[in-house]
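Residue numbers (the working numbering): 13 to 456.
For glycine and all other residues, C-beta sits at the position ideal for the given N, C-alpha and C.
Nothing here was measured: the structure is a model prediction, and the numbers come from that model.
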């Protein structure tokens with residue numbers, strides 16, 4: 013069956029993916045606000061939640077890369093009309109992920125004190141880290157299971173059920189946060205930070221149950237482990253490892269930017285924090301078309317429909333650019349109100365306003381990079397994505413960052429380096445796609 017490349021088809025995938033993507037940062041912002049307002053040791057609780065959250069995010073990112081790999085492989089087999097041949101792969105990938113997550117979970121429980129001391133936690137903050145982690149960590153295998161199921165659904169060209177899972181988890185987590193953290197007068201005593209941990213664990217459990225039920229009832233894929241090992245499992249692991257290395261390079265750039273902003277002083281790190289949050293939030297609006305490219309691109313490649321792939325690429329990049337231009341317009345129209353949302357410190361806001369225009373101007377460049385990044389994941393080009401991030405970070409961003417520091421450009425230099433980083437990423441992906449896939453349309 014030929015894949016339709018139309019506004020309706022693309023947005024049927026992109027819009028739910030965008031909604032699901034936005035649910036996560038909204039949850040994080042709300043979660044942080046609730047923990048930060050705990051009446052007893054609120055500052056220590058917020059610090060502990062931040063430290064534990066960072067550590068768990070790192071662990072999830074290590075093993076969560078299989079989501080994109082599963083999605084790409086299933087989409088390619090679906091496009092080739094050979095879905096039956098890959099039905100045993102998801103279960104093997106999920107069991108491998110869960111086994112590794114349980115192994116990591118059990119090993120960290122005995123080292124939890126040392127782990128958080130290495131992250132500079134001490135005293136009351138360390139105590140809160142240990143109590144918070146001892147509850148939250150049990151949600152780690154559940155999250156990886158949900159990630160894998162979402163990868164299966166997206167590979168099958170469905171972003172509606174992943175959106176429903178994400179929204180349910182986010183809403184439930186926020187509601188439970190209010191109930192368990194602050195308690196209910198006369199019914200439930202406040203659990204404070206531990207309440208936030210239980211809220212997350214319960215929400216993760218419900219999401220995992222939803223994912224399991226939807227997978228069983230809405231697809232033909234089963235979770236019964238069958239041998240022999242699928243021939244594509246090695247390829248899937250290789251894709252995941254390439255994406256993991258890529259993620260390290262990406263985080264190096266973001267962490268170095270934060271570090272250099274912090275070295276400039278409090279007003280600069282405050283301004284940079286506002287800017288990077290808006291930068292990341294804008295990415296989720298564009299990322300819906302990246303998801304559509306990922307899903308449909310893999311299917312078109314599997315069907316060897318290179319003309320369709322070329323049309324899809326033009327459409328999703330155009331739609332992504334339109335979204336980015338709308339965000340540019342919003343950025344300039346609400347230049348000052350956007351900053352006021354995050355801070356009331358005049359010095360921090362003044363510093364933020366001085367560099368915000370760089371972020372806004374760079375949004376169309378970001379759009380090209382994000383959309384093509386998603387497309388290349390669907391095409392299984394994880395090795396190339398890894399190499400591009402390594403090159404853009406260590407041969408582009410880092411030299412530009414320290415050159416700007418030497419020249420005394422301050423926060424301007426950091427954001428110029430980030431923009432240069434995105435120019436390299438988007439340019440390399442455009443060139444690669446043109447060189448590799450354009451000739452295939454002529455031979456198709």
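With a cutoff of 7 Å on beta-carbon distance, residue 261 and residue 401 are scored as near each other. Check the Cα spacing between residue 337 and each of 256, 374, 27, 452: the tightest is with 374. Considering only 159, 104, 94, the residue with the shortest C-alpha distance to residue 32 is 159. Every alpha helix (DSSP H) stretch that sits fully inside the segment 162-220 and reaches 4 residues is listed by chain position as 172-194. Cα atoms of residue 184 and residue 89: separation of roughly 35 Å, rounded to the nearest angstrom. Taking the Cα of residue 324 as reference, the smallest distance to any Cα among 445, 173, 79 is reached at 445. The residue among 353, 192, 238 with its C-alpha nearest the C-alpha of residue 100 is 238. The beta carbon of residue 280 sits closer than 8 Å to the beta carbons of 273, 274, 363, 422, 423 from its chain, once the five residues preceding and following it are set aside; these are given in chain order.
In this structure, residue 371 lies away from residue 303, with their beta-carbon atoms at least 7 Å apart. With a threshold of 16 other beta carbon atoms within 10 Å, residue 331 meets it and is buried.
Restricting attention to alpha helix (DSSP H) runs no shorter than 4 residues, the segment 66-117 encloses them at 78-91, ordered along the chain. Taken through DSSP and simplified to helix, strand or coil, residue 49 comes out as coil.
Taking 7 Å as the cut-off, the beta carbon of residue 258 is found closer than this to the beta carbon of residue 398. Taking residue 174 as the centre and dropping the five residues before and after it, the same chain places the C-beta of 32, 162, 165 closer than 6 Å to its C-beta, in chain order.
Taking 7 Å as the cut-off, the Cβ atoms of residue 395 and residue 306 do not count as close. Residue 392: not part of any alpha helix (DSSP H); DSSP gives it neither H nor E.
Residue 254 and residue 243 have their alpha carbons spaced roughly 18 Å apart. Residue environment: residue 102 is assigned as buried (16 or more neighbouring CB atoms within 10 Å of its CB, all protein chains considered).
One Cα belongs to residue 294, the other to residue 427, and the distance between them is close to 16 Å. Annotation: the segment 307-349 contains the following complete segments of the alpha helix (DSSP H) (minimum length 4 residues), in chain order: 318-345. Residue 291 sits in a helix when the DSSP states are folded into three classes. The beta carbons of residue 328 and residue 22 sit about 6 Å from each other, so the pair counts as a contact at 8 Å.
For residue 133, the three-state secondary structure derived from DSSP is coil.
Judged by DSSP in its simplified three-state form, residue 25 adopts helix.
Cβ-Cβ distances below 8 Å link residue 241 to 104 in the same chain, with the five nearest sequence neighbours on each side left out; the list follows chain order.
Residue state for residue 231 is assigned as coil, using DSSP reduced to three classes. Taking all protein chains in view, the Cβ of residue 447 is surrounded by fewer than 16 other Cβ atoms within 10 Å, so the residue is classified as exposed. Annotated three-state conformation of residue 386 is helix, per DSSP. With respect to residue 60, residue 140 sits close: the two C-beta atoms are nearer than 7 Å.
Comparing C-alpha distances from residue 156 to each of 201, 186, 108 shows the shortest one belongs to 108. Within the same chain, no Cβ atom closer than 8 Å to the Cβ of residue 122 is found once the five residues on either side in sequence are excluded. Closest in alpha carbon position to residue 167, among 405, 50, 361, 85, is 85.
Classified as buried, residue 208 has 16 or more neighbouring CB atoms from the shown chains inside 10 Å of its CB. According to the DSSP assignment, residue 417 belongs to the alpha helix (DSSP H) that extends over 410-418.
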